[in-house]
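The structure appears right after this line, and notes come after that.
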Amino acid sequence: MQEKNEAFLDGVRITLRMTPQQRDLLRRAAEVGGMPVSTFVLHSACQAADLLLIEQQPGVLSPTVESLPTFTEPARQRWEAIPADIRQRLLSNVWCGCCRHEVTITNFSGTIKGRDLLLVGKCAECHGDVARVIEGA
Ligand SMILES: [Zn+2]
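Below is the structure:
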């Protein structure tokens with residue numbers, strides 16, 4: 001019963017302000033698509049959102065933390081427990097012995113070593129090996 005309520009609350013109702021021209025356009029498009037205007041708007045917005053997010057992906061220079069290709073399960077859990085802004089900072093100030101300054105780690109994998117989380121990857125600038133240890137609490 002609890003679950004049912006929560007599922008219900010998950011739906012968010014929003015009101016959109018649009019010009020009569022926009023409304024007319026959407027109504028006609030929805031008719032062609034054979035669905036209610038609200039469904040059409042949501043559907044289109046989600047498609048656009050999907051596209052945008054897909055396009056944004058794998059830039060070597062912007063490691064998407066959420067994709068986590070090569071994390072072991074315990075490492076992933078530890079990593080995801082860290083707030084996103086801190087994770088981003090941890091990834092962007094890794095010392096590269098070759099470049100002699102702080103760089104962004106890319107193509108990294110995560111494992112647990114003892115109590116620590118170990119990230120091993122490549123320097124975004126020289127592509128040399130870099131690593132970061134995140135000490136266990
Ligand atoms: Zn480097």
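When the letters of the sequence shown are read in order and numbered with the UniProt record's numbering, they come out as residues 1 to 137. From the three backbone atoms N, C-alpha and C, an ideal C-beta is built for every residue, glycine too. Bear in mind the structure is a predicted one, so any value in this text is a computation, not a measurement.
Check your understanding: What residues sit near ligand 1, counting only those whose C-beta is closer than 6 Å to one of its heavy atoms, in chain order?
Key -> 96, 98, 99, 103, 123, 125, 126 and 128
Practice item. Figure out for me which residue from 97, 79, 47 and 85 has the closest Cα to the Cα of residue 109. Key: 79
Check your understanding: Does the distance from the CB of residue 94 to the CB of residue 104 come in under 8 Å?
Key -> yes
Check your understanding: Would you call residue 133 buried or exposed, if buried means 16 or more other Cβ atoms sit within 10 Å of its Cβ?
Key -> exposed
Practice item. Compute the Euclidean distance between the alpha carbons of residue 24 and residue 84, then round it to the nearest angstrom. Key: 41 Å
Review point. Could you give the distance in angstroms between the alpha-carbon of residue 51 and the alpha-carbon of residue 45?
Key: 10 Å
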